[in-house]
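Residue numbers (numbering that gives the first Met the number 0), protein chains in the order written: chain A, 0 to 95; chain B, 0 to 95. A quick write-up on the structure given underneath.
2 protein chains.
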Amino acid sequence: MYGLIGQLRTTEEGRAAVVAALVEGARGMPGNVAYLVAEDAEDPASVWVTEVWESEAAHRASLDLPSVRDAIARARPHLTGRGTRVVTRPVASLDG
Amino acid sequence: MYGLIGQLRTTEEGRAAVVAALVEGARGMPGNVAYLVAEDAEDPASVWVTEVWESEAAHRASLDLPSVRDAIARARPHLTGRGTRVVTRPVASLDG
């Protein structure tokens, strides 16, 4: 499996739009196992995404999906940069 | 909802034991929505955990569960410190 944990830096006023774009764009992506979007509770200009994919190839292919391209285009005006970005090897995904 | 994204620093040889302890200790925790454990693909001495909880109180209560206490005790000899630790407000958890 292939995973990512990424921090997106946003404008404060644009964070909600970035979150909405990410959530809407992430539905039904082939090979995606989990996609968690969260606001940073202490930094109002930061969003965190934890992703789990069946493979790195599945993740790469997702970047060509129209839904994902649209989401990136919608989010871009509100993005100010990237923070932490970690490639991971997911081991377990427990649902409570 | 309440969330955490945390990086645990481990010894290289002890990382597998930490991962095993985390996964086993995290089963059936009341109020837990998601618990994702992943190895850092580039740093052999690092583990990342993404957590989603119904509330901060649910997370705090979990630290008193025997299963969690046991897991922490099993992991502790292999831990060398904490890295990134972010409190989040989870927005969406999509299962592919």
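Beta carbons are placed, not taken as given, at the ideal position from N, Cα and C, and that holds for glycine.
Short CB-CB distance (under 8 Å) between residue i and chain A
i	result
Asp-69/B	no
Thr-10/B	no
Gly-157/B	Outside the shown range of chain B, which is 0 to 95, sits residue 157/B, and nothing can be said about it.
Ser-92/B	yes
Ala-40/B	yes
Val-36/B	yes
Val-86/B	yes
Ala-33/B	yes
Residue i at chain B interface by Cβ criterion, 8 Å
i	result
Arg-81/A	no
Pro-89/A	yes
Val-17/A	no
Gly-13/A	no
Gly-2/A	yes
Inter-residue spacing [alpha-carbon to alpha-carbon] between residue i and residue j
i	j	result
Ala-91/B	Leu-62/A	20 Å
Ser-54/B	Gly-27/B	16 Å
Val-46/A	Ala-60/B	26 Å
Pro-79/B	Arg-14/A	Checking the displayed sequence, the identity of residue 79/B turns out to be Thr instead of Pro. Near 34 Å, if we compare the C-alpha coordinates of Arg-14/A and Thr-79/B.
His-58/A	Val-18/B	24 Å
Arg-73/B	Asn-31/B	21 Å
Pro-89/B	Pro-76/B	31 Å
Ile-71/A	Arg-81/A	13 Å
Glu-50/A	Leu-3/A	5 Å
Val-86/A	Leu-64/B	31 Å
Ala-37/A	Leu-93/B	12 Å
Ala-33/B	Val-48/B	10 Å
Ala-16/A	Ala-20/B	38 Å
Classification of residue i by the beta-carbon crowding that lies within 10 angstroms, buried from 16 upward
i	result
Glu-12/A	exposed
Ala-56/A	exposed
Pro-29/B	exposed
Asp-39/B	buried
Glu-23/A	exposed
Completely contained alpha helix (DSSP H) runs for the stretch 7–84 of chain A, where each covers 4 or more residues: 14–24, 55–61, 65–74
Counting Cβ pairs, one atom from each stretch, are 3 or more of them under 8 Å apart for the stretch 7–21 of chain B and the stretch 37–46 of chain B? At 8 Å Cβ cutoff, the stretches touch.
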